[in-house]
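K.L.:
Those sequence lines, one after another, are chains A and B.
Counting along the first sequence from 1, when you hit position 139 you're at 139 in my numbering, and nothing is skipped either side.
In my numbering, each residue's number is its place in the second sequence (first place is 1) plus 232.
Beta carbons: idealized from backbone N, C-alpha and C, even for Gly.
Have a look at this one.
Protein chains: 2
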Amino acid sequence: MINPMYLAIVEDIKQKINSGQLKPSDAVPSENALSKEYGASRMTVRKGLAILANDGYIYSIPGKGSFVRKPELNKYTIYYNEMNNSINKVDQSRLLEVNIIMPDEKLAGELQTTINKNVIVIRRLFYTEGKPVAYDLKYLLYSKGMPIVEKEIEQATFPEMVSGSIAAFSLKKELSISAQMPDEEIKKHLNIYDELALLVVEQKIFNDDNKPIGFCVTYFRGDYIKLKGNSE
Amino acid sequence: MINPMYLAIVEDIKQKINSGQLKPSDAVPSENALSKEYGASRMTVRKGLAILANDGYIYSIPGKGSFVRKPELNKYTIYYNEMNNSINKVDQSRLLEVNIIMPDEKLAGELQTTINKNVIVIRRLFYTEGKPVAYDLKYLLYSKGMPIVEKEIEQATFPEMVSGSIAAFSLKKELSISAQMPDEEIKKHLNIYDELALLVVEQKIFNDDNKPIGFCVTYFRGDYIKLKGNSE
DNA sequence: CAGTGGTCTAGACCACCAA
DNA sequence: TGGTGGTCTAGACCACTGA
C-alpha cells in the first residue's frame with residue numbers, strides 16, 4: 001500500500017458514512033472490531049478514528065463507543081482583512097486622525113473600560129486605484145509595543161496593531177457584518193453622491209482573559225466589496 | 233497528575249509560544265528531546281505535538297523538525313443559516329413560487345449546466361413577527377430525494393434541500409456577502425418605502441465532484457440582520 | 001552518516017458503561 | 001462482569017534532510 005493504513009481506514013469509513021451505510025447517531029464498530037477487520041493494531045485504528053472525529057464525522061463516548069455525527073450544514077470559514085478582500089485590494093491608505101480620547105459611555109461599555117481611561121482613536125480612509133472605498137474607525141486600549149509611528153499605523157490591519165504587544169495566538173476575535181445607508185460624513189469621505197449601500201464590518205479583539213482590547217468598524221462602499229467564505 | 237500527560241505538554245509548549253520564548257519559525261525541540269524532557273514516551277510527545285499542529289501553533293517537516301507557525305490573524309468561523317441569524321429568527325415563511333425552468337446563459341454558467349437542462353426555481357419570503365425581512369431565491373439542479381412537497385420547501389434551509397439526496401458530509405459550500413440597494417421588485421416584497429440597504433448573501437453548493445448543484449441568493453433588509461463570526 | 005519526523009505494533013492499565 | 005474508549009509505553013522500521 002502506498003498510503004498509510006490509517007488513511008485507508010479513514011477513507012473506508014468516510015465512504016460508508018457518505019454512502020449512507022452508516023447514518024448519523026449510528027455506532028461505528030468498536031476499536032477492537034475495526035482492529036480485527038483491517039488487520040491493524042488498535043493504535044492505528046485509533047489514529048484513523050481521531051482524524052474522523054477531527055473532521056466532524058464521528059464523536060466518541062468513553063465506555064460506550066463511537067458514533068456518526070450529524071453534519072455541520074451551517075459552518076463557514078471566512079478570511080477577513082479590512083485591507084484585502086476578494087474583489088478589491090486596498091493599495092493606498094490615508095490616516096485621518098490618531099488621537100487619545102476619553103471614551104463616552106457607549107464606547108466604554110464596548111471596551112469594558114471606564115470613561116476616565118484613555119483610548120486611542122484611529123481613523124483611516126482606504127483607497128483602490130485612487131478612489132476611496134472604505135472608511136475605517138478603530139478604538140484601542142493602549143498597551144506597550146503598539147505602533148505609534150504614523151507610517152506603521154497607515155499600513156497595519158487591526159489584529160496587527162494589537163499583536164505587536166500581545167501574543168497573537170491567544171487573541172480571540174469577533175466579527176459582525178451588516179448593511180446600512182451612509183450618513184453625511186461617510187458620504188463625504190467615500191465620495192457618495194447618490195444612494196449607495198454600505199457593507200459594515202465590526203471587529204472586536206479580546207485578550208486571553210476575554211477582556212476587549214480593541215474595537216473596529218469599517219464602512220465599505222457596497223460596490224467595492226464582497227466577503228467570501230467556504231465550508232471545510 | 234489529573235490531566236493526561238500529553239495535555240500538560242501541550243499547555244507547556246503553548247505557554248512558551250504565547251510568552252514569546254518560542255517565536256514563529258523557531259524550531260520546537262525534537263520529539264526525542266521532548267521525550268527526555270518530559271519523561272514521556274515518544275508517542276505521547278507526538279500526541280501533544282499533533283494537537284498543537286491541529287490548533288495551528290506548529291507545523292512539522294519530515295526529516296527536519298517541528299516549527300512554530302505564524303498565527304492566523306484573519307480567520308473567522310461563521311454559522312450562517314438563512315432562516316436564523318443572530319438578531320432575528322424567521323418565524324414564518326411564504327412560498328412565492330416553485331417552478332421548473334430552462335436557465336438563461338448566466339444561470340447556466342453559475343450552475344455549470346447547459347441552457348436545455350431543467351432547473352428548479354424556488355422563491356420565498358421570510359417573516360419575523362409578521363414583517364417581511366428577507367427575499368430568498370434558489371436554483372437547484374433536480375436530484376432524487378429532494379423535497380417537492382410545498383410544506384417541506386417552505387421550512388427547509390438551502391443545505392437541507394439538497395442534502396435529502398446527497399451525502400451531506402461531502403457537500404462543499406461557498407458563501408458570498410455583499411451590500412446593495414433594493415430594486416423595485418424587492419422593495420415591494422420587503423415593504424421598503426424609503427432608502428434602506430440590503431445585505432445580500434449568496435450560497436453555492438457543490439457535490440464531491442465539485443460540480444455546483446445549487447445556487448441561492450437571499451436579500452435581507454439591512455435593519456433586520458447582522459451576521460456574526462468569531463475566531464478559534 | 002546521525003538525526004528528524006511518520007508509521008506501526010503488541011502489549012498494559014484505567015475509568016466508564018451496561019447488563 | 002465484560003466490553004468500551006482513553007492513556008501510555010518501549011520498541012521497530014521507514015523516508016527524508018543536512019553535514
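1. Check the Cβ-Cβ distances between Tyr80 of chain A and every residue of chain B, and say whether any is below 8 angstroms.
2. Distance, Cα to Cα, Lys211 of chain A vs Ser60 of chain A?
3. Mind listing, in chain order, the continuous alpha helix (DSSP H) runs of no fewer than 4 residues lying wholly within the stretch 83-141 of chain A?
4. In angstroms with no decimal places, state the Cα-to-Cα distance between Leu422 of chain B and Tyr359 of chain B.
5. Just how far apart, CA to CA, sit Glu160 of chain A and Asn118 of chain A?
6. Any idea what DSSP makes of Met1 of chain A, helix, strand or coil?
7. Note down, in chain order, every chain B residue with its Cβ under 9 angstroms from the Cβ of Ile122 of chain A.
8. Please report whether the beta-carbon of Gln253 of chain B lies at a distance below 8 angstroms from any beta-carbon of chain A.
9. From the DSSP secondary-structure annotation, give me the bridge partner or partners of Thr218 of chain A.
10. Measure the C-alpha to C-alpha separation of Tyr238 of chain B and Val45 of chain A and round it to an integer number of angstroms.
11. List the residues of chain B whose Cβ lies closer than 8 angstroms to the Cβ of Glu160 of chain A, in chain order.
12. Does DSSP put Gln387 of chain B in a helix, a strand or coil?
13. Is it the case that the stretch 38-55 of chain A contacts the stretch 78-91 of chain A, given that we only count it when at least three CB pairs across the two stretches are under 8 angstroms?
14. Answer yes or no: does any C-beta atom of chain B fall closer than 8 angstroms to that of Tyr135 of chain A?
15. Going by C-alpha distance, which of A:Leu34, A:Lys36, A:Glu232, A:Ile58 is nearest Pro24 of chain A?
16. Look at the Cβ atom of Leu227 of chain A, then the Cβ atom of Ile177 of chain A, and state whether they are nearer than 8 angstroms.
17. Please go through the same chain and pick out, in chain order, the residues whose beta-carbon is closer than 6 angstroms to the beta-carbon of Ile213 of chain A, but skip the five residues on each side of it.
18. Chain A partners of Asn250 of chain B, CB-CB under 8 angstroms?
19. Under 8 angstroms, Cβ to Cβ, is there at least one residue of chain A near Met233 of chain B?
20. Counting C-beta neighbours from all protein chains within 10 Å, is the total for Arg124 of chain A 16 or more, i.e. buried, or is it exposed?
21. What is the rounded straight-line gap between the Cα of Lys296 of chain B and the Cα of Tyr270 of chain B?
22. With 7 angstroms as the limit, tell me which residues of the stretch 278-291 of chain B have their beta carbon closer than that to any beta carbon of chain A; keep them in chain order.
23. With Val28 of chain A and Ile13 of chain A assumed to form a contact (beta carbons below 8 angstroms), what rounded beta-carbon distance in angstroms separates them?
24. In terms of DSSP beta bridges, what is Leu227 of chain A paired with?
25. Taking the continuous beta strand (DSSP E) assigned at Ile293 of chain B, which residues delimit it?
26. Would a C-beta distance cut-off of 8 angstroms place Thr309 of chain B and Gly461 of chain B closer than the cut-off?
27. Please report the residue range of the alpha helix (DSSP H) in which Gly48 of chain A lies.
28. To the nearest angstrom, report how far apart Phe452 of chain B and Asn32 of chain A are at their CA atoms.
29. Leaving out five residues before and five after Asn250 of chain B in sequence, what residues of the same chain have Cβ atoms less than 7 angstroms from its Cβ?
30. Report the rounded CA-to-CA distance for Leu171 of chain A versus Arg274 of chain B, giving the unit in angstroms.
31. So Ile192 of chain A is in the beta strand (DSSP E); what residue range does that whole segment cover?
32. Using a Cβ-Cβ distance under 8 angstroms, would Ile466 of chain B count as near chain A?
33. Below 8 angstroms on the Cβ atoms is my guess for Met102 of chain A versus Ile115 of chain A; work out the distance and round it to an integer in Å.
34. Could you confirm whether any beta carbon from chain A is found closer than 8 angstroms to the beta carbon of Gly297 of chain B?
35. So what's Lys419 of chain B in DSSP terms, helix, strand or just coil?
36. In terms of residues, what are the limits of the alpha helix (DSSP H) holding Tyr270 of chain B?
P.N.:
Here's the rundown:
1. As a working mapping, residue 80 of chain A is identified with position 80 in the first sequence. Yes, contact with chain B.
2. Counting from 1 along the first sequence, the entry for residue 211 of chain A is found at position 211. Counting from 1 along the first sequence, the entry for residue 60 of chain A is found at position 60. Going by the C-alpha atoms only, they are around 34 angstroms apart.
3. 105-110
4. Mapped onto the second sequence, residue 422 of chain B falls at position 190. Mapped onto the second sequence, residue 359 of chain B falls at position 127. Distance between the alpha carbons of Leu422 of chain B and Tyr359 of chain B: 9 angstroms.
5. For the purposes of this step, residue 160 of chain A is taken as the residue at position 160 of the first sequence. For the purposes of this step, residue 118 of chain A is taken as the residue at position 118 of the first sequence. Approximately 20 angstroms between the Cα atoms of the pair.
6. By one-based count along the first sequence, residue 1 of chain A stands at place 1. The predicted position of Met1 of chain A is uncertain, since its pLDDT is 47 and thus under 50; a value taken from the coordinates is nonetheless stated next. Reduced to three states, the DSSP call for Met1 of chain A is coil.
7. As a position in the first sequence, residue 122 of chain A is number 122, starting the count at 1. Neighbours of Ile122 of chain A on chain B: none; closest Cβ ~17 angstroms, over 9 angstroms.
8. Counting from 1 along the second sequence, the entry for residue 253 of chain B is found at position 21. Contact of Gln253 of chain B with chain A is not assigned, every C-beta pair being separated by 8 angstroms or more.
9. Stepping through the first sequence from its first residue, residue 218 of chain A is reached at position 218. As computed with DSSP, Thr218 of chain A is found in a beta bridge with A:Asp136, A:Val201.
10. Here residue 238 of chain B corresponds to residue number 6 of the second sequence, with the count starting at 1. Here residue 45 of chain A corresponds to residue number 45 of the first sequence, with the count starting at 1. If you take the alpha carbons of Tyr238 of chain B and Val45 of chain A, they lie about 19 angstroms apart.
11. Taking the first residue of the first sequence as position 1, residue 160 of chain A is located at position 160. Residues of chain B passing the Cβ test: Leu305.
12. One-based indexing of the second sequence puts residue 387 of chain B at position 155. In this structure, Gln387 of chain B counts as helix in the three-state DSSP scheme.
13. The stretch 78-91 of chain A makes no contact with the stretch 38-55 of chain A: fewer than 3 CB pairs, one atom from each, lie closer than 8 angstroms.
14. Translated into positions along the first sequence, residue 135 of chain A becomes position 135. No, its Cβ sits nowhere closer than 8 angstroms to a Cβ of chain B.
15. For the purposes of this step, residue 24 of chain A is taken as the residue at position 24 of the first sequence. Looking at the Cα atoms, A:Ile58 is the closest of the given residues.
16. Here residue 227 of chain A is taken as the residue at index 227 of the first sequence, counted from 1. Here residue 177 of chain A is taken as the residue at index 177 of the first sequence, counted from 1. Yes, the pair counts as a contact, with Cβ atoms nearer than the cut-off.
17. Counting from one through the first sequence, the residue named residue 213 of chain A turns up at place 213. Result list for Ile213 of chain A: Leu141, Val162, Ile205, Asn207, in chain order.
18. Locating residue 250 of chain B in the second sequence gives position 18, counting from the first residue. Ala167, Phe169, Ser170, Asp208, listed in chain order.
19. For this step, residue 233 of chain B is matched to residue 1 along the second sequence. Its pLDDT being 47, under 50, Met233 of chain B is placed unreliably by the model, and nothing is read from it.
20. Taking the first sequence and counting its residues from 1, one reaches residue 124 of chain A at position 124. Under this definition Arg124 of chain A is a buried residue.
21. Indexing the second sequence from 1 puts residue 296 of chain B at position 64. Indexing the second sequence from 1 puts residue 270 of chain B at position 38. Each residue's alpha carbon lies about 21 angstroms from the other.
22. Asn286, Tyr289
23. Here the question's residue 28 of chain A lines up with position 28 in the first sequence. Here the question's residue 13 of chain A lines up with position 13 in the first sequence. Contact flag correct, Cβ pair sits at about 7 angstroms.
24. Mapped onto the first sequence, residue 227 of chain A falls at position 227. Its beta-bridge partners are B:Ile409.
25. Your numbering for residue 293 of chain B matches position 61 in the second sequence. 290-293 is the span of the beta strand (DSSP E), which, as asked, contains Ile293 of chain B.
26. Position 77 of the second sequence, counted from the start, is the residue given in the question as residue 309 of chain B. Position 229 of the second sequence, counted from the start, is the residue given in the question as residue 461 of chain B. In this structure, Gly461 of chain B lies closer than 8 angstroms to Thr309 of chain B by Cβ.
27. On the first sequence, residue 48 of chain A is found 48 positions in, with the first residue counted as 1. 42-54 is the extent of the alpha helix (DSSP H) around Gly48 of chain A.
28. On the second sequence, residue 452 of chain B is found 220 positions in, with the first residue counted as 1. On the first sequence, residue 32 of chain A is found 32 positions in, with the first residue counted as 1. Computed Cα separation, rounded: 51 angstroms.
29. As a working note, residue 250 of chain B is residue 18 in the second sequence. Contacts found: none.
30. Within the first sequence, numbered from 1, the residue matching residue 171 of chain A stands at position 171. Within the second sequence, numbered from 1, the residue matching residue 274 of chain B stands at position 42. C-alpha separation (whole angstroms): 31 angstroms.
31. The count along the first sequence starts at 1 and reaches residue 192 of chain A at position 192. Note, Ile192 of chain A: premise wrong, no beta strand (DSSP E); not H, not E.
32. With chain B covering 233 to 464 only, the question about residue 466 of chain B has no answer from this structure.
33. To locate residue 102 of chain A, count along the first sequence from 1; it is residue 102. To locate residue 115 of chain A, count along the first sequence from 1; it is residue 115. Right, the Cβ-Cβ distance comes to about 6 angstroms (below 8 angstroms), so this counts as a contact.
34. Residue 297 of chain B sits at position 65 when you count from the first residue of the second sequence. No, because no Cβ of chain A sits closer than 8 angstroms to the Cβ of Gly297 of chain B.
35. Residue mapping note: residue 419 of chain B aligns to position 187 of the second sequence, counting from 1. Here Lys419 of chain B sits in helix by DSSP.
36. The residue labelled residue 270 of chain B in the question sits at position 38 within the second sequence. Per DSSP, Tyr270 of chain B belongs to the alpha helix (DSSP H) from 263-270.
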